[in-house]
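Visitor: The structure's right below; bear with me while I get my questions together.
Residue numbers (the numbering used here): 1322 to 1679.
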(Lines of atoms letter the chains of each structure in order from A and count residues from 1; the text may use other names and numbers.)
(Lines give C-alpha, C1' and ligand atoms only; values in the text may rest on other atoms or scores of the structure.)
Protein backbone atom coordinates (compact mmCIF):
# COMPACT_ATOMS: atom_id res chain seq x y z
CA UNK A 1 0.00 0.00 0.00
CA UNK A 2 1.08 3.59 -0.63
CA UNK A 3 1.49 6.39 1.88
CA UNK A 4 -1.00 8.50 -0.05
CA UNK A 5 -3.69 5.88 0.67
CA UNK A 6 -3.66 7.05 4.30
CA UNK A 7 -3.87 10.78 3.69
CA UNK A 8 -6.89 12.95 4.43
CA UNK A 9 -7.47 16.71 4.76
CA UNK A 10 -7.43 17.96 8.34
CA UNK A 11 -8.12 21.61 9.22
CA UNK A 12 -5.50 22.82 11.76
CA UNK A 13 -8.23 24.14 14.06
CA UNK A 14 -9.37 20.57 14.71
CA UNK A 15 -6.11 19.82 16.56
CA UNK A 16 -6.68 20.10 20.33
CA UNK A 17 -4.08 22.18 22.16
CA UNK A 18 -5.40 21.50 25.67
CA UNK A 19 -7.54 18.69 27.10
CA UNK A 20 -11.18 19.11 27.97
CA UNK A 21 -12.11 19.15 31.67
CA UNK A 22 -13.19 16.89 33.19
CA UNK A 23 -11.40 14.30 31.10
CA UNK A 24 -14.37 11.98 30.70
CA UNK A 25 -16.43 14.83 29.20
CA UNK A 26 -14.68 14.18 25.88
CA UNK A 27 -16.76 13.09 22.91
CA UNK A 28 -16.69 9.53 21.58
CA UNK A 29 -17.34 8.38 18.03
CA UNK A 30 -18.61 4.78 18.09
CA UNK A 31 -17.65 3.14 14.80
CA UNK A 32 -19.56 -0.06 14.02
CA UNK A 33 -19.78 -2.07 10.84
CA UNK A 34 -23.16 -0.52 10.05
CA UNK A 35 -23.03 3.08 11.24
CA UNK A 36 -21.34 5.95 13.08
CA UNK A 37 -22.75 7.00 16.45
CA UNK A 38 -21.94 10.30 18.19
CA UNK A 39 -21.61 9.64 21.90
CA UNK A 40 -19.46 10.60 24.88
CA UNK A 41 -16.64 8.87 26.75
CA UNK A 42 -19.02 8.50 29.73
CA UNK A 43 -21.16 6.22 27.54
CA UNK A 44 -18.45 3.54 27.36
CA UNK A 45 -19.88 1.44 30.24
CA UNK A 46 -23.20 1.23 28.34
CA UNK A 47 -21.51 0.31 25.06
CA UNK A 48 -19.66 -2.68 26.52
CA UNK A 49 -20.99 -5.90 28.06
CA UNK A 50 -20.58 -7.48 31.49
CA UNK A 51 -17.58 -9.77 31.30
CA UNK A 52 -15.66 -7.61 28.80
CA UNK A 53 -12.10 -6.79 29.86
CA UNK A 54 -10.44 -3.44 29.24
CA UNK A 55 -6.63 -3.54 28.97
CA UNK A 56 -4.78 -0.31 29.79
CA UNK A 57 -1.16 0.85 29.66
CA UNK A 58 0.24 1.90 33.05
CA UNK A 59 3.42 3.51 31.72
CA UNK A 60 4.33 6.92 33.13
CA UNK A 61 5.76 9.74 31.03
CA UNK A 62 9.15 11.03 32.12
CA UNK A 63 10.48 14.57 31.43
CA UNK A 64 12.49 13.17 28.53
CA UNK A 65 13.43 16.38 26.70
CA UNK A 66 16.82 17.88 27.58
CA UNK A 67 18.71 20.91 26.28
CA UNK A 68 22.47 21.10 26.67
CA UNK A 69 25.59 22.32 24.91
CA UNK A 70 28.30 20.50 23.04
CA UNK A 71 31.39 20.55 25.21
CA UNK A 72 34.76 20.60 23.49
CA UNK A 73 38.13 20.21 25.26
CA UNK A 74 39.36 23.51 26.67
CA UNK A 75 36.11 25.41 26.06
CA UNK A 76 33.56 26.71 28.55
CA UNK A 77 30.24 24.78 28.60
CA UNK A 78 28.24 27.84 27.55
CA UNK A 79 30.33 28.28 24.39
CA UNK A 80 29.31 25.03 22.70
CA UNK A 81 26.54 24.52 20.18
CA UNK A 82 23.06 24.08 21.61
CA UNK A 83 21.87 20.45 21.45
CA UNK A 84 18.30 19.30 22.02
CA UNK A 85 17.75 15.68 23.06
CA UNK A 86 14.62 13.56 23.30
CA UNK A 87 15.27 10.32 25.15
CA UNK A 88 13.23 7.42 23.82
CA UNK A 89 14.54 4.05 25.06
CA UNK A 90 16.27 3.02 28.26
CA UNK A 91 19.18 0.64 27.67
CA UNK A 92 20.96 -1.67 30.09
CA UNK A 93 23.33 0.04 32.52
CA UNK A 94 26.97 -1.01 32.63
CA UNK A 95 30.24 0.35 34.02
CA UNK A 96 28.36 2.68 36.35
CA UNK A 97 26.68 4.55 33.49
CA UNK A 98 22.99 5.02 32.67
CA UNK A 99 22.41 4.55 28.92
CA UNK A 100 19.64 5.79 26.63
CA UNK A 101 18.82 5.91 22.94
CA UNK A 102 17.78 9.44 21.98
CA UNK A 103 17.00 11.70 19.06
CA UNK A 104 19.37 14.66 18.83
CA UNK A 105 19.00 18.00 17.08
CA UNK A 106 21.20 19.04 15.34
CA UNK A 107 22.70 15.55 15.21
CA UNK A 108 25.20 16.54 12.52
CA UNK A 109 27.27 18.38 15.15
CA UNK A 110 27.72 15.20 17.19
CA UNK A 111 30.10 12.30 16.80
CA UNK A 112 31.03 9.31 18.93
CA UNK A 113 32.97 10.64 21.90
CA UNK A 114 31.23 14.04 21.98
CA UNK A 115 30.25 15.34 25.42
CA UNK A 116 27.02 17.25 26.06
CA UNK A 117 26.87 19.38 29.20
CA UNK A 118 23.71 20.42 31.02
CA UNK A 119 23.35 22.45 34.21
CA UNK A 120 24.93 21.73 37.59
CA UNK A 121 27.54 19.30 36.32
CA UNK A 122 25.00 17.01 34.61
CA UNK A 123 26.49 15.66 31.36
CA UNK A 124 26.53 12.74 28.95
CA UNK A 125 28.74 11.26 26.26
CA UNK A 126 27.71 10.20 22.77
CA UNK A 127 28.70 6.55 22.47
CA UNK A 128 27.35 5.98 18.97
CA UNK A 129 25.52 7.72 16.12
CA UNK A 130 22.76 6.01 14.18
CA UNK A 131 20.44 6.89 11.31
CA UNK A 132 17.80 9.64 11.36
CA UNK A 133 19.42 11.75 14.09
CA UNK A 134 19.47 8.95 16.64
CA UNK A 135 22.31 8.53 19.16
CA UNK A 136 23.28 6.30 22.06
CA UNK A 137 24.10 8.30 25.19
CA UNK A 138 25.91 7.34 28.40
CA UNK A 139 25.22 9.34 31.57
CA UNK A 140 28.02 8.61 34.12
CA UNK A 141 25.76 8.15 37.13
CA UNK A 142 23.46 5.68 38.80
CA UNK A 143 19.85 5.23 37.72
CA UNK A 144 18.70 6.98 40.90
CA UNK A 145 20.97 10.00 40.36
CA UNK A 146 19.93 10.19 36.70
CA UNK A 147 16.24 10.16 37.63
CA UNK A 148 16.81 13.06 40.04
CA UNK A 149 18.74 15.08 37.46
CA UNK A 150 16.12 14.42 34.78
CA UNK A 151 13.32 15.51 37.12
CA UNK A 152 15.18 18.78 37.76
CA UNK A 153 16.31 19.59 34.21
CA UNK A 154 14.09 17.67 31.80
CA UNK A 155 10.81 18.85 30.33
CA UNK A 156 7.65 17.04 29.27
CA UNK A 157 8.02 15.83 25.65
CA UNK A 158 4.79 17.15 24.14
CA UNK A 159 3.99 16.12 20.56
CA UNK A 160 5.11 18.58 17.84
CA UNK A 161 1.53 19.39 16.86
CA UNK A 162 0.89 20.98 20.28
CA UNK A 163 2.02 24.45 19.39
CA UNK A 164 3.80 25.97 22.34
CA UNK A 165 7.49 26.56 22.95
CA UNK A 166 7.62 24.50 26.12
CA UNK A 167 5.35 22.38 28.28
CA UNK A 168 3.15 24.34 30.66
CA UNK A 169 2.88 23.49 34.35
CA UNK A 170 -0.55 21.95 33.69
CA UNK A 171 0.92 19.54 31.12
CA UNK A 172 2.80 17.66 33.84
CA UNK A 173 -0.62 16.52 35.08
CA UNK A 174 -2.62 16.64 31.87
CA UNK A 175 -0.16 14.47 29.92
CA UNK A 176 -0.32 11.57 32.40
CA UNK A 177 -3.10 9.02 32.54
CA UNK A 178 -4.92 7.99 35.70
CA UNK A 179 -3.16 4.62 35.28
CA UNK A 180 0.39 6.07 35.17
CA UNK A 181 2.69 4.07 37.45
CA UNK A 182 5.79 2.62 35.74
CA UNK A 183 8.20 5.37 34.66
CA UNK A 184 9.75 5.10 31.21
CA UNK A 185 7.52 6.55 28.47
CA UNK A 186 8.38 9.65 26.49
CA UNK A 187 4.85 9.98 25.10
CA UNK A 188 1.54 9.37 26.81
CA UNK A 189 -0.72 6.45 25.86
CA UNK A 190 -3.32 9.05 25.03
CA UNK A 191 -6.50 6.93 24.93
CA UNK A 192 -6.04 6.53 28.68
CA UNK A 193 -6.15 10.30 29.19
CA UNK A 194 -9.97 10.18 29.01
CA UNK A 195 -10.39 7.98 32.07
CA UNK A 196 -11.28 9.29 35.54
CA UNK A 197 -11.97 7.60 38.89
CA UNK A 198 -15.68 8.19 38.30
CA UNK A 199 -15.58 6.47 34.90
CA UNK A 200 -13.59 3.56 36.32
CA UNK A 201 -16.19 3.14 39.06
CA UNK A 202 -18.97 3.10 36.46
CA UNK A 203 -17.13 0.44 34.45
CA UNK A 204 -16.68 -1.73 37.53
CA UNK A 205 -20.36 -1.36 38.41
CA UNK A 206 -21.25 -2.44 34.85
CA UNK A 207 -19.26 -5.66 35.30
CA UNK A 208 -16.41 -4.66 33.01
CA UNK A 209 -12.96 -5.76 34.16
CA UNK A 210 -9.65 -3.90 34.02
CA UNK A 211 -6.18 -5.31 33.40
CA UNK A 212 -2.85 -3.48 33.20
CA UNK A 213 0.25 -3.96 31.11
CA UNK A 214 3.24 -1.71 30.42
CA UNK A 215 4.53 -0.43 27.10
CA UNK A 216 7.03 2.43 27.42
CA UNK A 217 6.00 4.60 24.48
CA UNK A 218 9.02 5.95 22.59
CA UNK A 219 9.62 9.18 20.69
CA UNK A 220 9.49 7.16 17.48
CA UNK A 221 5.72 7.51 17.75
CA UNK A 222 6.18 11.13 16.57
CA UNK A 223 8.30 10.26 13.54
CA UNK A 224 6.64 10.65 10.12
CA UNK A 225 6.52 7.88 7.55
CA UNK A 226 8.85 9.00 4.75
CA UNK A 227 8.59 6.08 2.32
CA UNK A 228 5.79 6.03 -0.24
CA UNK A 229 5.80 2.24 -0.02
CA UNK A 230 4.62 2.01 3.58
CA UNK A 231 5.87 -1.55 3.99
CA UNK A 232 9.42 -0.17 3.94
CA UNK A 233 8.89 2.00 7.03
CA UNK A 234 10.93 0.95 10.09
CA UNK A 235 9.23 1.10 13.48
CA UNK A 236 11.40 1.92 16.49
CA UNK A 237 11.41 -0.71 19.22
CA UNK A 238 9.68 -0.13 22.52
CA UNK A 239 9.95 -2.02 25.81
CA UNK A 240 6.83 -3.91 26.90
CA UNK A 241 5.84 -6.05 29.89
CA UNK A 242 2.86 -8.37 30.33
CA UNK A 243 2.92 -10.15 33.67
CA UNK A 244 1.68 -13.72 33.92
CA UNK A 245 -1.30 -12.65 36.04
CA UNK A 246 -2.41 -10.20 33.34
CA UNK A 247 -2.01 -12.79 30.58
CA UNK A 248 -4.09 -15.25 32.60
CA UNK A 249 -6.86 -12.71 33.18
CA UNK A 250 -7.06 -11.92 29.47
CA UNK A 251 -7.22 -15.58 28.49
CA UNK A 252 -9.81 -16.35 31.17
CA UNK A 253 -12.01 -13.42 30.10
CA UNK A 254 -11.97 -14.58 26.50
CA UNK A 255 -12.65 -18.19 27.46
CA UNK A 256 -15.71 -17.00 29.41
CA UNK A 257 -17.09 -15.15 26.38
CA UNK A 258 -15.84 -11.67 27.24
CA UNK A 259 -14.37 -9.33 24.69
CA UNK A 260 -10.88 -7.83 25.00
CA UNK A 261 -10.96 -4.03 24.73
CA UNK A 262 -7.60 -2.32 24.18
CA UNK A 263 -7.50 1.19 25.64
CA UNK A 264 -5.18 2.62 23.04
CA UNK A 265 -2.93 1.41 20.27
CA UNK A 266 -0.06 0.65 22.68
CA UNK A 267 -1.89 -2.14 24.58
CA UNK A 268 -3.12 -3.42 21.21
CA UNK A 269 0.39 -3.64 19.75
CA UNK A 270 1.83 -5.30 22.84
CA UNK A 271 -0.99 -7.83 23.13
CA UNK A 272 -0.70 -8.68 19.44
CA UNK A 273 3.06 -9.09 19.91
CA UNK A 274 2.46 -11.54 22.78
CA UNK A 275 -0.46 -13.49 21.28
CA UNK A 276 -0.28 -16.95 19.76
CA UNK A 277 -2.11 -17.71 16.53
CA UNK A 278 -5.08 -19.03 18.55
CA UNK A 279 -5.37 -15.73 20.46
CA UNK A 280 -3.84 -16.97 23.70
CA UNK A 281 -1.72 -14.22 25.28
CA UNK A 282 1.61 -15.20 26.78
CA UNK A 283 3.63 -13.28 29.41
CA UNK A 284 6.01 -10.87 27.68
CA UNK A 285 9.09 -8.92 28.69
CA UNK A 286 11.16 -7.39 25.93
CA UNK A 287 11.11 -5.22 22.82
CA UNK A 288 8.42 -4.95 20.17
CA UNK A 289 8.54 -3.14 16.84
CA UNK A 290 5.28 -4.54 15.48
CA UNK A 291 4.02 -2.48 12.52
CA UNK A 292 0.37 -3.15 11.71
CA UNK A 293 -0.95 -2.45 8.22
CA UNK A 294 -4.23 -3.35 6.50
CA UNK A 295 -4.24 -7.08 5.85
CA UNK A 296 -2.97 -7.91 9.34
CA UNK A 297 -4.96 -10.65 11.10
CA UNK A 298 -5.76 -9.60 14.66
CA UNK A 299 -5.48 -12.37 17.24
CA UNK A 300 -6.06 -10.85 20.68
CA UNK A 301 -8.23 -7.72 20.42
CA UNK A 302 -11.96 -7.33 19.81
CA UNK A 303 -12.53 -3.59 20.36
CA UNK A 304 -10.28 -0.53 20.50
CA UNK A 305 -10.63 2.78 22.32
CA UNK A 306 -8.32 5.30 20.67
CA UNK A 307 -7.92 8.97 19.82
CA UNK A 308 -8.02 10.49 16.32
CA UNK A 309 -4.65 10.17 14.62
CA UNK A 310 -2.45 12.06 12.17
CA UNK A 311 -2.87 11.67 8.41
CA UNK A 312 -0.29 9.27 6.92
CA UNK A 313 0.76 8.09 10.40
CA UNK A 314 1.48 4.53 11.50
CA UNK A 315 -1.40 4.89 13.98
CA UNK A 316 -3.93 5.75 11.28
CA UNK A 317 -2.61 2.73 9.37
CA UNK A 318 -3.22 0.59 12.46
CA UNK A 319 -6.84 1.72 12.96
CA UNK A 320 -7.43 1.24 9.23
CA UNK A 321 -6.18 -2.34 9.58
CA UNK A 322 -8.51 -2.83 12.55
CA UNK A 323 -11.72 -1.34 11.17
CA UNK A 324 -11.11 -0.98 7.43
CA UNK A 325 -9.51 1.90 5.52
CA UNK A 326 -12.69 3.06 3.80
CA UNK A 327 -14.66 2.95 7.04
CA UNK A 328 -11.99 4.92 8.91
CA UNK A 329 -11.78 7.57 6.20
CA UNK A 330 -15.57 7.92 6.41
CA UNK A 331 -15.40 8.10 10.21
CA UNK A 332 -12.67 10.75 10.17
CA UNK A 333 -14.53 12.84 7.57
CA UNK A 334 -17.59 12.69 9.83
CA UNK A 335 -15.50 13.67 12.88
CA UNK A 336 -14.04 16.67 11.07
CA UNK A 337 -17.48 17.77 9.88
CA UNK A 338 -18.90 17.39 13.42
CA UNK A 339 -15.96 19.31 14.94
CA UNK A 340 -14.44 16.53 17.00
CA UNK A 341 -11.11 17.41 18.60
CA UNK A 342 -8.08 15.53 17.21
CA UNK A 343 -4.85 14.00 18.51
CA UNK A 344 -3.38 13.63 22.01
CA UNK A 345 -5.60 16.11 23.86
CA UNK A 346 -8.63 15.47 21.68
CA UNK A 347 -11.70 13.24 21.62
CA UNK A 348 -11.91 9.46 21.26
CA UNK A 349 -13.29 6.61 19.14
CA UNK A 350 -14.63 3.22 20.09
CA UNK A 351 -13.83 0.96 17.15
CA UNK A 352 -15.29 -2.44 16.42
CA UNK A 353 -13.05 -4.85 14.56
CA UNK A 354 -13.87 -5.48 10.94
CA UNK A 355 -13.66 -9.11 9.95
CA UNK A 356 -13.34 -8.03 6.34
CA UNK A 357 -10.72 -5.25 6.71
CA UNK A 358 -9.28 -3.64 4.67
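Think of the CB as a built atom: it goes at the ideal place given N, C-alpha and C, for glycine as much as any other residue.
#1: For residue 1332 and residue 1415, what's the separation of their Cα atoms in angstroms?
#2: Using DSSP with H/G/I as helix, E/B as strand and the rest coil, what is residue 1571?
#3: Do you know offhand how far residue 1556's Cα is from residue 1436's?
#4: For residue 1379, which option in 1549, 1502, 1407 and 1619 has the closest C-alpha, if you only look at C-alpha atoms?
#5: In three-state terms, what does DSSP make of residue 1582?
#6: Name the one or two DSSP bridge partners that residue 1404 has.
#7: Less than 8 Å between the beta carbons of residue 1558 and residue 1410, yes or no?
#8: Between the region 1451-1469 and the region 1415-1434, do three or more beta carbon pairs fall short of 8 Å?
#9: Three-state secondary structure (DSSP) at residue 1435?
#10: Take residue 1358 and list the residues in its own chain whose beta-carbon comes closer than 7 Å to its own, dropping the five residues that flank it on each side.
#11: Starting from residue 1650, trace the alpha helix (DSSP H) both ways and give me its first and last residue.
#12: In the DSSP output, which residue or residues are listed as bridge partners for residue 1426?
#13: Taking 7 Å as the limit between beta carbons, can you name the residues of its chain near residue 1659, skipping five residues before and five after?
#14: Using only the alpha-carbon positions, how far apart do residue 1618 and residue 1639 sit?
#15: If you drop the 5 nearest sequence neighbours on each side, which residues of the same chain put their C-beta closer than 8 Å to that of residue 1505?
#16: Name the residue from 1372, 1509, 1614 and 1578 whose alpha carbon lies nearest to the alpha carbon of residue 1530.
Guide: Taking the definition as stated:
#1: Numbered from 1 along the chain shown, position 11 holds the residue referred to as residue 1332. Numbered from 1 along the chain shown, position 94 holds the residue referred to as residue 1415. Going from the Cα of residue 1332 to the Cα of residue 1415 covers about 48 Å.
#2: By 1-based counting over the chain shown, the position of residue 1571 is 250. Residue 1571: helix per DSSP, three-state reduction.
#3: By one-based count along the chain shown, residue 1556 stands at place 235. By one-based count along the chain shown, residue 1436 stands at place 115. Roughly 28 Å separates the two Cα atoms.
#4: As a working mapping, residue 1379 is identified with position 58 in the chain shown. For residue 1379, the closest of 1549, 1502, 1407 and 1619 by C-alpha to C-alpha distance is 1502.
#5: By 1-based counting over the chain shown, the position of residue 1582 is 261. Reduced to three states, the DSSP call for residue 1582 is strand.
#6: By 1-based counting over the chain shown, the position of residue 1404 is 83. Partner(s): 1389.
#7: For the purposes of this step, residue 1558 is taken as the residue at position 237 of the chain shown. For the purposes of this step, residue 1410 is taken as the residue at position 89 of the chain shown. Yes, the Cβ-Cβ distance between residue 1558 and residue 1410 is below 8 Å.
#8: yes
#9: As a position in the chain shown, residue 1435 is number 114, starting the count at 1. Here residue 1435 sits in coil by DSSP.
#10: By 1-based counting over the chain shown, the position of residue 1358 is 37. Here the set comprises 1351.
#11: By 1-based counting over the chain shown, the position of residue 1650 is 329. Start and end: 1646-1658.
#12: As a first step, residue 1426 is located in the chain shown; it is residue number 105 there, counting from the start. Residue 1426 pairs with 1405.
#13: Residue mapping note: residue 1659 aligns to position 338 of the chain shown, counting from 1. For residue 1659, where only same-chain residues beyond five positions count, the Cβ hits under 7 Å are 1359.
#14: As a first step, residue 1618 must be located in the chain shown, where it is residue number 297. As a first step, residue 1639 must be located in the chain shown, where it is residue number 318. Approximately 11 Å between the Cα atoms of the pair.
#15: Position 184 of the chain shown, counted from the first residue, corresponds to residue 1505. Spatial neighbours of residue 1505 in its own chain (CB-CB distance under 8 Å, excluding positions within 5 residues in sequence) are listed in chain order as 1380, 1381, 1383, 1411, 1535, 1537 and 1560.
#16: Stepping through the chain shown from its first residue, residue 1530 is reached at position 209. Residue 1530 has its Cα closest to that of 1372, out of 1372, 1509, 1614 and 1578.
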